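Take a look at the structure set out below.
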Amino acid sequence: MDWSTGAVELLREERSWPQGERPRRAGVSSFGISGTNAHVILEEAPTVPSPRRPESPTPVPVVPWVLSGRSQQAVDAQAERLTAFLAERPELSPLDVGLSLATSRAALEHRAVVLGPDLDALRSGLAGPTVTGVLTEGRTAWMFTGQGSQRLGMGRELHAAYAQFARAFDETAGLLEAELADADGFPVPLRSVLFAADGSEAAALLDRTGYAQAALFAVETALAALLDSWGLRPDVVLGHSIGEYAAAYTAGVFELPDAVRLVAARARLMQALPEGGAMAAVEADEAELADLLTTDDVTIAAVNGPAAVVVSGTEEGVERVMAAVRERGRRVTRLRVSHAFHSPLMEPMLDEFTAVAEQITYRRPMLPAVSTLTGAALGDGDWTTPGYWVRQVREAVRFQDAARTAIDALGAVRLLEVGPDPLLSALVEPAFALSALRRNLPEAETALRAVAELYVRGTAVHWPAVFEGSGAVRTALPTYAFQRERYWLRDAGSGGDARGLGLKAADHPLLGAAVPVAGSDAVLLTARLSTAVAPWLADHVVGDAVVVPGTALVELALAAADRVDCDRVDELTLQAPLVLPEQSAVQIQIALDAPDDIGARPLRLYARPDRTEDDSTWTLHAEGTVSGGKAPVQSVELRTWPPTDAAPIDMTGLYDRLAETGLRYGSAFRGLRQVWARGEELYVEAALPEGAASEATAFGLHPALLDSVLHALALRTDEQQGALLPFAWTGVSCHAVGASLVRVRIVPRGSGTYALHVADATGAPVAAVESLLLRPASPARFAAGAAATGAEHLYRVEWTPAPAGSDRQRAREIVQPLPGVEPRLVGHRTPLPQHGEH
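Printed below as a string of structure tokens:
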């Protein structure tokens, strides 16, 4: 059966359908049998209308940029790739970038979120993301804060910034104001008190019990609504005192009018109680206080932690307990409250509160929840009966037990405090906990940072909702920065066991074998270089050609010198650029002649394309001399780093400028970290990227690292000179091997030459260059080198538009034959197999 005939016939059939009736095939349709007879039909993508921005977009006070990867290294690489991308496209909107990151990327295990108000802040944040973390399996619990956390103006900034918060807050506050309008002690509407000017008479009302409880419920439920609009959902809820009402409402126990009616009754009735009584926080556990709580005038109001208990009762009773605890050397703190909550002094309000609670409709919670009255997961009647809420007014808050239940029994590994200021977060250590808001910090930034902290640890967030109404549209961004790990054996060009060929291994990652020439003191070293043998070479591009850097040639010269017991490259001059072909390799020979009368050995480095068998095609790329026995050029110590009188140099845009001159460096060659200047001298710090650092010990001085150091010279040279590359090296010696981070002093010597003193991370000498001469690079010369080493391929892939015409003509233009070969359709019309046929 000829499957290609079937494919062509299907094309004929589809083209015969009337426009508008042709069935659309999703994505790619493929036909084929065997390993070579395969056909793919690519269908034209449907036209997608350009998104329209709203005429009055909603501002986003803080913009999130979300990154993720399979490893932390991948996340860092994503940030680096995005930084480089944005440097080339400064016109991009930070909102468009944020939305695109949120909607066009998978959420992988390692995560980071950068937060900022504008593009500059966000770009700076990519260097060290605001929030980072790793996905952790487990649940997210929301803890709703109780009385004592209230503060003037809480929620004001969120109300102005986010419509979702404003709608929820206004609805709840409006219902509360209606409930409390005719009650004694509530002369000013709730919103006027909460958002009053600091120091005003209205502001002072927030410390009253009734206003404080009503305000906390309104703010916490609005904050929960805002989080819900961003796609956050709690897996477990619990609340402290008045916060338990917000927790139950969030879990669906009440409709909002019923929840407001119950909260307003609690606030009104508590405030109406006679003032008096006291509360104190004491450093003790519940068992320690048993012998001090023998009378009815003082009781435990809350157990917040292993040594954090609150007592409540009459003035005399609380003072007596405080004095006894002080005598035991423990800390005590008197709380600023108007009433003794969760104590027998609440009993006068319980009958009236019961009457209100019995009018409320209760439903089973839709979320797992923990009672802070019992400290356990909800049991029968908890949260769903009037009696529970009556007891909750009078009895102790067992927050410690409730938090442990959420963590140990219900599997909460992330705890978010939903309230205006963190009071509960510090009580659940060592579990991860944080607050959605914090006193004296910008509310929008704090809330979004808390969301980011939860997200990087595994909480689901619907990030597009943060951009809703802002006018943000999706835009193209860099693809994923894959962290490639090679499992197969590398190209055997410079590896393998040379002894099987009668040779000696060169013991260098860029060299293959060493051949002592019989009857003389000469030595020949051989290699086969390609981007398969040394993938980092592909990151050194001049014009459009991958060029072996001059630093690699001097490294080869040092390695060759070491084979013949020489420790210095006296000179090395580059004669022609060594260009690597894209798909093949080049053969290398380094010839070391016998030493002359003073012990110097002439050195020549040749190369030719790997595909050729013509022995006359060798090109001389570098020549010079090596020697031993001379005192090597001594490098200076650089232990004081940077020098105290050196000034930092701004490196912003350096690699963009280098790219404009024709030098395009990949990540392996972007090791330049910092540059300082002291007069005409430069002080440079550079390091190999993490992926290449492990290879440093195989080199004298890794070529990519030394080349990165030389990029600092572009900060001082005339931009009109174009791309500058090493041309001649003089007096090169290596004192230590394997450095992955270096400190370098660069001293100008005049006429485009420089001396280099290289030290390791401790400042100890590593290498020295007496003189390095740089010359402008010629893109045309490198293009010629690329043409000389490139292979001519018999086959190529071409895309040719298929104009209207006969089927046979279309087939001719779809399939490009070799010259002189007439294409033809073979076989007969063969129906495609039905489902299940083979």
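Quick note, the sequence shown lines up with residues 4 to 841 if you use the working numbering. Backbone N, C-alpha and C define an ideal beta-carbon position, used for all residues, glycine too. Note that the coordinates shown come from a computational prediction; the quantities given were computed from them, not determined experimentally.
Fill in: Under 8 Å between C-beta atoms of L691 and A699
For the purposes of this step, residue 691 is taken as residue 688 along the sequence shown, with counting starting at 1. For the purposes of this step, residue 699 is taken as residue 696 along the sequence shown, with counting starting at 1. In this structure, A699 lies closer than 8 Å to L691 by Cβ.
Worksheet item: Between which two residues does the beta strand (DSSP E) carrying S533 extend?
Response: The sequence position of residue 533 within the sequence shown is 530, counting from 1. That residue, S533, is in no beta strand (DSSP E); it is neither H nor E in DSSP.
Discussion item. For the alpha helix (DSSP H) containing L229, name the first residue and the last one.
Written reply: Along the sequence shown, read from residue 1 onward, the residue named residue 229 stands at position 226. First-last of the alpha helix (DSSP H) with L229: T212 to S232.
Discussion item. Please report the straight-line C-alpha distance between V66 and G119, rounded to a whole angstrom.
Written reply: On the sequence shown, residue 66 is found 63 positions in, with the first residue counted as 1. On the sequence shown, residue 119 is found 116 positions in, with the first residue counted as 1. So the two alpha carbons sit approximately 5 Å from each other.
Discussion item. According to DSSP, simplified to helix, strand and coil, what is E83?
Written reply: To locate residue 83, count along the sequence shown from 1; it is residue 80. Of the three classes helix, strand and coil, the one that applies to E83 here is helix, per DSSP.
Discussion item. Quick check on this structure: which residue in D542, L777, E361 and A304 has the alpha carbon closest to the alpha carbon of L338?
Written reply: Along the sequence shown, read from residue 1 onward, the residue named residue 338 stands at position 335. Among D542, L777, E361 and A304, the Cα nearest to that of L338 belongs to A304.
Item to complete: May I have a chain-ordered list of the alpha helix (DSSP H) segments no shorter than 4 residues that lie completely inside the region 234-296?
Response: 246-253 and 259-275
Worksheet item: Do the CB positions of T554 and L709 come within less than 8 Å of each other?
Response: For this step, residue 554 is matched to residue 551 along the sequence shown. For this step, residue 709 is matched to residue 706 along the sequence shown. The Cβ atoms of T554 and L709 sit closer than 8 Å to each other.
Worksheet item: Distance, Cα to Cα, V285 vs T106?
Response: Within the sequence shown, numbered from 1, the residue matching residue 285 stands at position 282. Within the sequence shown, numbered from 1, the residue matching residue 106 stands at position 103. Distance between the alpha carbons of V285 and T106: 50 Å.
Practice prompt. Give me the Cβ distance between G141 and A415, rounded to the nearest whole Å; I'm assuming they're in contact under 8 Å.
Written response: If you number the sequence shown from 1, residue 141 lands on position 138. If you number the sequence shown from 1, residue 415 lands on position 412. Indeed they touch by this definition, with Cβ atoms about 7 Å apart.
Worksheet item: Between the region 517-524 and the region 107-117, do at least 3 Cβ pairs fall closer than 8 Å?
Response: no
Worksheet entry | Contact check, T139 vs G461, beta carbons under 8 Å | Mapped onto the sequence shown, residue 139 falls at position 136. Mapped onto the sequence shown, residue 461 falls at position 458. Yes, the Cβ-Cβ distance between T139 and G461 is below 8 Å.
Worksheet item: In whole angstroms, what is the alpha-carbon distance linking F147 and V476?
Response: By one-based count along the sequence shown, residue 147 stands at place 144. By one-based count along the sequence shown, residue 476 stands at place 473. Using only the alpha carbons, I get a separation of about 35 Å.
Worksheet item: Who are I363's beta bridge partners in DSSP?
Response: Working through the sequence shown from its first residue, we reach residue 363 at position 360. I363 is not bridged to any residue.
Worksheet item: For the beta strand (DSSP E) that contains W732, what are its first and last residues?
Response: Locating residue 732 in the sequence shown gives position 729, where the first residue counts as 1. Start and end: L727 to C737.
Practice prompt. Give the C-beta separation of G158 and V222 to the nearest angstrom, bearing in mind that I take them to be a contact with Cβ-Cβ under 8 Å.
Written response: Counted from its first residue, the sequence shown places residue 158 at position 155. Counted from its first residue, the sequence shown places residue 222 at position 219. Right, the Cβ-Cβ distance comes to about 4 Å (below 8 Å), so this counts as a contact.
Practice prompt. Please report how far the alpha carbon of Q486 lies from the alpha carbon of L104, in whole angstroms.
Written response: Stepping through the sequence shown from its first residue, residue 486 is reached at position 483. Stepping through the sequence shown from its first residue, residue 104 is reached at position 101. Roughly 19 Å between the two C-alpha positions.
Worksheet item: Should N307 be labelled buried (16 or more other beta-carbon atoms within 10 Å of its own) or exposed?
Response: For the purposes of this step, residue 307 is identified with residue 304 of the sequence shown, where counting begins at 1. N307 should be labelled buried.
Item to complete: Rounded to whole angstroms, what's the CA-CA distance from R442 to A537? Just pull it up for me.
Response: As a working mapping, residue 442 is identified with position 439 in the sequence shown. As a working mapping, residue 537 is identified with position 534 in the sequence shown. Taking the straight line joining both Cα atoms gives about 55 Å.
Worksheet item: Quick one: is S127 buried, meaning 16 or more other Cβ sit within 10 Å of its Cβ, or exposed?
Response: Your numbering for residue 127 matches position 124 in the sequence shown. Per the 10 Å Cβ criterion, exposed.
Practice prompt. Note down, in chain order, each residue of its chain lying with its Cβ closer than 7 Å to the Cβ of L775, except the 5 sequence neighbours on either side.
Written response: On the sequence shown, residue 775 is found 772 positions in, with the first residue counted as 1. Result list for L775: P729, W732, T756, Y757 and L759, in chain order.
Worksheet item: Skipping 5 residues on each side, what residues in its chain have a beta carbon closer than 6 Å to that of H642?
Response: The residue given as residue 642 occupies position 639 in the sequence shown. According to the sequence displayed, residue 642 carries Arg and not His. The answer, listed in chain order, is G766.
Discussion item. Once DSSP output is grouped into helix, strand and coil, what is the label at L111?
Written reply: Counting from one through the sequence shown, the residue named residue 111 turns up at place 108. The answer is coil: DSSP assigns L111 none of H, G, I, E or B.
Worksheet item: In whole angstroms, what is the alpha-carbon distance linking Y458 and A251?
Response: Translated into the one-based positions of the sequence shown, residue 458 becomes position 455. Translated into the one-based positions of the sequence shown, residue 251 becomes position 248. Each residue's alpha carbon lies about 24 Å from the other.
Practice prompt. Tell me, please, which residues DSSP counts as bridged to F147.
Written response: Counting from one through the sequence shown, the residue named residue 147 turns up at place 144. DSSP lists G242 and V421 as partners of F147.
Practice prompt. Please name the residue in F356, L276, G202 and V557 whose C-alpha comes closest to that of G188.
Written response: Locating residue 188 in the sequence shown gives position 185, where the first residue counts as 1. Cα-wise, what sits closest to G188 is L276.
Discussion item. What does DSSP give as the partner residue(s) for F435 in the beta ladder?
Written reply: Locating residue 435 in the sequence shown gives position 432, counting from the first residue. When DSSP reads this structure, F435 sits in a beta bridge with R417.
Worksheet item: Should G648 go down as buried or exposed, given a rule of 16 or more other Cβ atoms within 10 Å for buried?
Response: Taking the first residue of the sequence shown as position 1, residue 648 is located at position 645. According to the sequence shown, residue 648 is Asp rather than Gly. Exposed is the call here.
Practice prompt. Would you kindly work out how many angstroms separate the C-alpha atoms of L125 and E83, rounded to a whole number?
Written response: The sequence position of residue 125 within the sequence shown is 122, counting from 1. The sequence position of residue 83 within the sequence shown is 80, counting from 1. It is roughly 13 Å from the alpha-carbon of L125 to the alpha-carbon of E83.
Worksheet item: With a Cβ-Cβ cutoff of 8 Å, do T143 and P237 count as a contact?
Response: Looking up residue 143 in the sequence shown gives position 140. Looking up residue 237 in the sequence shown gives position 234. Going by C-beta atoms, T143 is nearer than 8 Å to P237.
Discussion item. Check this for me: beta carbons of R571 and V526, under 8 Å apart or not?
Written reply: For the purposes of this step, residue 571 is identified with residue 568 of the sequence shown, where counting begins at 1. For the purposes of this step, residue 526 is identified with residue 523 of the sequence shown, where counting begins at 1. It is not a contact, given that the beta carbons lie outside the stated cut-off.
Worksheet item: Can F344 and S315 be called in contact, C-beta distance under 8 Å?
Response: Stepping through the sequence shown from its first residue, residue 344 is reached at position 341. Stepping through the sequence shown from its first residue, residue 315 is reached at position 312. In this structure, S315 lies closer than 8 Å to F344 by Cβ.
Worksheet item: Is D568 closer than 8 Å to A603 when the C-beta atoms are compared?
Response: Here residue 603 refers to the residue found at position 600 of the sequence shown. Here residue 568 refers to the residue found at position 565 of the sequence shown. No, the pair does not count as a contact, with Cβ atoms beyond the cut-off.
Discussion item. I need the boundaries of the beta strand (DSSP E) containing S630, first residue and last residue.
Written reply: In the sequence shown, counting from the first residue as 1, residue 630 sits at position 627. Residues T622 to S630.
Fill in: The alpha helix (DSSP H) enclosing G390, as first and last residue numbers
Residue mapping note: residue 390 aligns to position 387 of the sequence shown, counting from 1. Unbroken alpha helix (DSSP H) run through G390: P389 to R397.
Worksheet item: Between V772 and V735, which are expected to be in contact by the criterion C-beta below 8 Å, what is the C-beta distance as a whole number of angstroms?
Response: The residue you call residue 772 lines up with position 769 of the sequence shown. The residue you call residue 735 lines up with position 732 of the sequence shown. That pair is a contact at about 5 Å.
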